[in-house]
Amino acid sequence: MTPQECSEPEDVSFAKLAETSPAAITRVDKDGHIVYANEKAKEVLGLEESEITDRTYDDVSWKITDLEGEEFPQGKLPFQTVKNTEEPVSNVKHAIELPNKQRKFLSVNASPLFDDDGNFDGMVAFIEDITKREQIKENLTTSEQRYRRLFETAQDGMLILEADSGKIMDANPYIRNLLGFSKQELVGKQLWEIGTFKDVVENRDKFQKLVKEGYIRYEHLPLKTKDGKEALVEFVSNSYMVNGQKVIQCNIRDITERRKAERKLKESERKYRSLFKSIRDALLVADMDRNIIDCNPAFTELFGYELEEIEGKKTEYVYHDSEEYEQMGEEIEESIGDPNFFYTVHYEKKNGEIFPGETNVFYLREDGGEVIGFIGLIRDITEKHKRQEELEQSEKRYRTLFETTGTTMLIIEEDTTISLINKEVEKLSGYSKDEVEGKMSWTELVAEEDDLQKMKKYHTLRRKDPASAPTQYEFKLLDKDGNEKDVFMTIDVIPDTKKSVASIIDITEKKNYEQKLRQSFIELAETTSRVLGVRDPYTQEHEQRVAELAQEVGRRIGVEEEEQLGLYLGGILHDIGKVAVPTTILTKPGKLKEVEWKMIKSHPKVGYNKILKDTHFPWPVAEMTLHHHERLDGSGYPDGLEGDQLSLEVRILGAVDVVEAMSTRRPYREARSKEKTLNVIKQGREDKFDPQVVDILVEMIEEGEIEFGRN
455 MTPQECSEPE
465 DVSFAKLAET
475 SPAAITRVDK
485 DGHIVYANEK
495 AKEVLGLEES
505 EITDRTYDDV
515 SWKITDLEGE
525 EFPQGKLPFQ
535 TVKNTEEPVS
545 NVKHAIELPN
555 KQRKFLSVNA
565 SPLFDDDGNF
575 DGMVAFIEDI
585 TKREQIKENL
595 TTSEQRYRRL
605 FETAQDGMLI
615 LEADSGKIMD
625 ANPYIRNLLG
635 FSKQELVGKQ
645 LWEIGTFKDV
655 VENRDKFQKL
665 VKEGYIRYEH
675 LPLKTKDGKE
685 ALVEFVSNSY
695 MVNGQKVIQC
705 NIRDITERRK
715 AERKLKESER
725 KYRSLFKSIR
735 DALLVADMDR
745 NIIDCNPAFT
755 ELFGYELEEI
765 EGKKTEYVYH
775 DSEEYEQMGE
785 EIEESIGDPN
795 FFYTVHYEKK
805 NGEIFPGETN
815 VFYLREDGGE
825 VIGFIGLIRD
835 ITEKHKRQEE
845 LEQSEKRYRT
855 LFETTGTTML
865 IIEEDTTISL
875 INKEVEKLSG
885 YSKDEVEGKM
895 SWTELVAEED
905 DLQKMKKYHT
915 LRRKDPASAP
925 TQYEFKLLDK
935 DGNEKDVFMT
945 IDVIPDTKKS
955 VASIIDITEK
965 KNYEQKLRQS
975 FIELAETTSR
985 VLGVRDPYTQ
995 EHEQRVAELA
1005 QEVGRRIGVE
1015 EEEQLGLYLG
1025 GILHDIGKVA
1035 VPTTILTKPG
1045 KLKEVEWKMI
1055 KSHPKVGYNK
1065 ILKDTHFPWP
1075 VAEMTLHHHE
1085 RLDGSGYPDG
1095 LEGDQLSLEV
1105 RILGAVDVVE
1115 AMSTRRPYRE
1125 ARSKEKTLNV
1135 IKQGREDKFD
1145 PQVVDILVEM
1155 IEEGEIEFGR
1165 N
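See below:
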């Protein structure tokens, strides 16, 4: 039922439709008072019906604002707009404040209602709660702003490239200042067109290798700036997906000054300290009594001590714990001759900072081989410990998430064995961990053979090329008791492994709901047609017969069962626009006047614009209603479409409508004969009607599937 057909909110048909509708619906009288709200409206608004009805649409207690919280103009409220224009409005967004101070964001579609004299009599509003959607949009905007601030203020150069073409999409200020190019000189150019990067990617082939491998790194890459100066950089690139598009991010760090310092240090080491020339770790040299003899600059950098401050002191001076010092001495004596001796103790820096140090000991020997001292190579492993702890925490979090998530999750090996499941798998499948892990194949959980063969193919493809196999699909799962369940699975390969991780959602209830929803569409359409039949029984009966014939033609052509249902609903509603045509014209015997014929011909547009345009059937019902009088040669109405502009559904409905109309009696003429009807559609084959549809209709007529001469 449509808003134009609703004269009173207590109308039985309207109430039935409204209460079974998945949309939130309110009815407003001509004075702006809300007189009806269905259950969905109460759910969306979070209010009881008594808190909604008997209030005006613009009641100040609603505290109506725009989505940003600013005052919403009264004249732009849906009721005012519909009342002033007597036309529908759609997607009017505003916010209201509930009694609990919660703000809700709403999107409103509304259509006017008219009384029997065509006067404005109120409106019907369809309300959608878009609060979560708007909050997500706001979060995305905030995230983008944060990314942009990071990108613009980063102290490393950053380039963003299109992975497909190699074109530069963005360049941050740091890289522009480093190279001396403006943003306009970089953006839109392919990387290899910028001469300064010729050693990174010399041509497109090399770039494709970069795209394929997804990662490239240059430790010391010489680049030339726009004015010819040389800059030494560290160049790292990675690829990732952004909004379904693969991009490459290049991070460029200027290490010119750092490299200069390194060269000076190496020159100093060659001249004065050949022993330490290639060592970057902290080195401490001591005799057998553990007296400090020497240290390298890296030691000074790490500990904060110059050689003069520690020379001659026991190595205990840099230890945090004397017990560890004693234990280290014992280990050194016992490990003489072991080149792989490592030991970890806690050291203390000059500033009092304590850190774990991994120590590798090398022994100093005289020419005769006697050990006279040792060199301790010390590495600060604070970060290593931190990473280890983070790894352990990550593993713990992963395990906790895997076990406690409400989603069914399992790990699948390359040989199809299920190696790990969580408790949700036990609930869904009926199998225990002991029965599944390391013993069952996922293939044992697939109920239907077609699903099994398809999923085996995906399993193989996923390990060769993960991108070639779908990551989401539905199948029927067979549980331990032999029950089949409709499920939706998301699955992908764990990076750097041959394992897959899969999550499964039981959608059995959803499938059942979809079936009920599909049935509700049928009931809604048939009820709407019956409402039209109250004033025009002929049109209702005609719509019913056209619906059945169109569905059968679709079946014979070979369209899917779901599309057949769409043809049925299109047939049921194709003449709904005749609700706007006076009954006296629809039932008038004899020839129609030109003005009366124009009113009849207006019914496709009325049905579309006034009734079905803003509906959301899963099939092109509105299109079928608008175009069922169009013909292949462009001679039809209302838009004069032709050829491929007519969908298959429109072609079927148009031909079926003609045959059914000719086969039955009308108020102004008798039914056409079988021979006359056959002659009309055969003559129109290819010119006006789809040949395949005509052939099927001829077959049905000759088989007696279509009766002639009915009243």
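Counting in this note's numbering, the sequence shown runs from 455 upward without gaps. Quick reminder that beta carbons are idealized off the backbone N, C-alpha and C, glycines included. On a predicted model such as this, the values are computed, not experimentally measured, just so you know.
Limits of the alpha helix (DSSP H) - the one that residue i falls within
| i | result |
| --- | --- |
| S1117 | L1102 to S1117 |
| A1001 | P991 to I1011 |
| I1026 | E1015 to L1027 |
| R833 | Where R833 is concerned, there is no enclosing alpha helix (DSSP H), although the beta strand (DSSP E) it sits in stretches over V825 to D834. |
| E1081 | Per the sequence presented here, residue 1081 reads as His, with Glu not at that position. Where H1081 is concerned, the enclosing alpha helix (DSSP H) stretches over V1075 to H1081. |
| G811 | It is not in any alpha helix (DSSP H) - G811 instead sits in the beta strand (DSSP E) that spans I808 to R819. |
| A495 | E493 to L499 |
CA-to-CA distance, residue j to residue i, given in whole angstroms
| i | j | result |
| --- | --- | --- |
| T710 | V687 | 7 Å |
| I1011 | G1020 | 14 Å |
| E785 | V739 | 17 Å |
| V1035 | S475 | 27 Å |
| K1136 | F1162 | 17 Å |
| I948 | P920 | 10 Å |
| Q589 | K877 | 33 Å |
| R717 | K918 | 46 Å |
| V772 | I764 | 9 Å |
| L521 | G884 | 48 Å |
| F828 | T836 | 24 Å |
| E1048 | T962 | 56 Å |
| V802 | L761 | Contrary to the premise, residue 802 reads as Glu rather than Val in this sequence. Going by the C-alpha atoms only, they are around 16 Å apart. |
| F526 | K840 | 54 Å |
| L906 | E867 | 17 Å |
| Q458 | D575 | For Q458, the predicted model reports a pLDDT of 42, less than 50, meaning its position is unreliable and no value from the coordinates is stated. |
| M1116 | V543 | 39 Å |
| Y759 | C749 | 9 Å |
| N626 | I706 | 11 Å |
Whole-Å CB distance - residue i paired with residue j, under 8 Å assumed
| i | j | result |
| --- | --- | --- |
| L640 | G620 | Not really, about 13 Å apart at Cβ, beyond 8 Å. |
| I488 | R509 | 6 Å |
| A477 | F580 | 5 Å |
| E891 | L874 | 6 Å |
| W1073 | L1003 | With a Cβ gap of about 17 Å, W1073 and L1003 do not count as contacting. |
| E1017 | G1008 | 6 Å |
| T1079 | H1028 | 5 Å |
| V900 | L932 | 7 Å |
| D960 | K934 | Actually they do not touch by this definition, with Cβ atoms about 15 Å apart. |
| R1119 | V1147 | About 24 Å separates the two Cβ atoms, so there is no contact after all. |
Run of the beta strand (DSSP E) containing residue i, from where it starts to where it stops
| i | result |
| --- | --- |
| G427 | Nothing about residue 427 can be read from this structure; the chain reaches only from 455 to 1165. |
| I547 | Per the sequence presented here, residue 547 reads as Lys, with Ile not at that position. V543 to E551 is the span of the beta strand (DSSP E), which, as asked, contains K547. |
| I435 | No statement about residue 435 is possible, as the shown extent of the chain runs from 455 to 1165 and does not include it. |
| T1069 | T1069 -> no beta strand (DSSP E), and no H or E assigned at all. |
According to DSSP, residues forming a beta bridge with residue i
| i | result |
| --- | --- |
| M943 | Y927 and I958 |
| M863 | S957 |
| E684 | K678 |
| V900 | L931 |
| A752 | A752 pairs with nothing; no bridge assigned. |
| P566 | M577 |
| G611 | I706 |
| D624 | I614 |
| M695 | K700 |
| T870 | Answer is none; T870 lacks a bridge partner. |
| S895 | T871 |
| Y672 | F689 |
| A740 | I746 and F828 |
| T519 | E525 and A549 |
| Q644 | K621 |
| H487 | T510 |
Residue i classed as buried or exposed, judged by whether at least 16 other C-beta atoms fall within 10 angstroms
| i | result |
| --- | --- |
| F635 | buried |
| K586 | exposed |
| D1185 | In the structure as shown, the chain starts at 455 and stops at 1165, and residue 1185 therefore has no counterpart that could be examined. |
| P991 | exposed |
| K1032 | buried |
| F929 | buried |
| S515 | exposed |
| H1083 | buried |
Residue i at chain D interface by Cβ criterion, 9 Å
| i | result |
| --- | --- |
| I875 | Judged by its chain identifiers, the structure shown contains no chain D, having just a single protein chain. |
Residue i Cβ short of 8 Å to the ligand ZN heavy atom set
| i | result |
| --- | --- |
| T595 | This structure lacks the ligand ZN; in fact it carries no ligand of any kind. |
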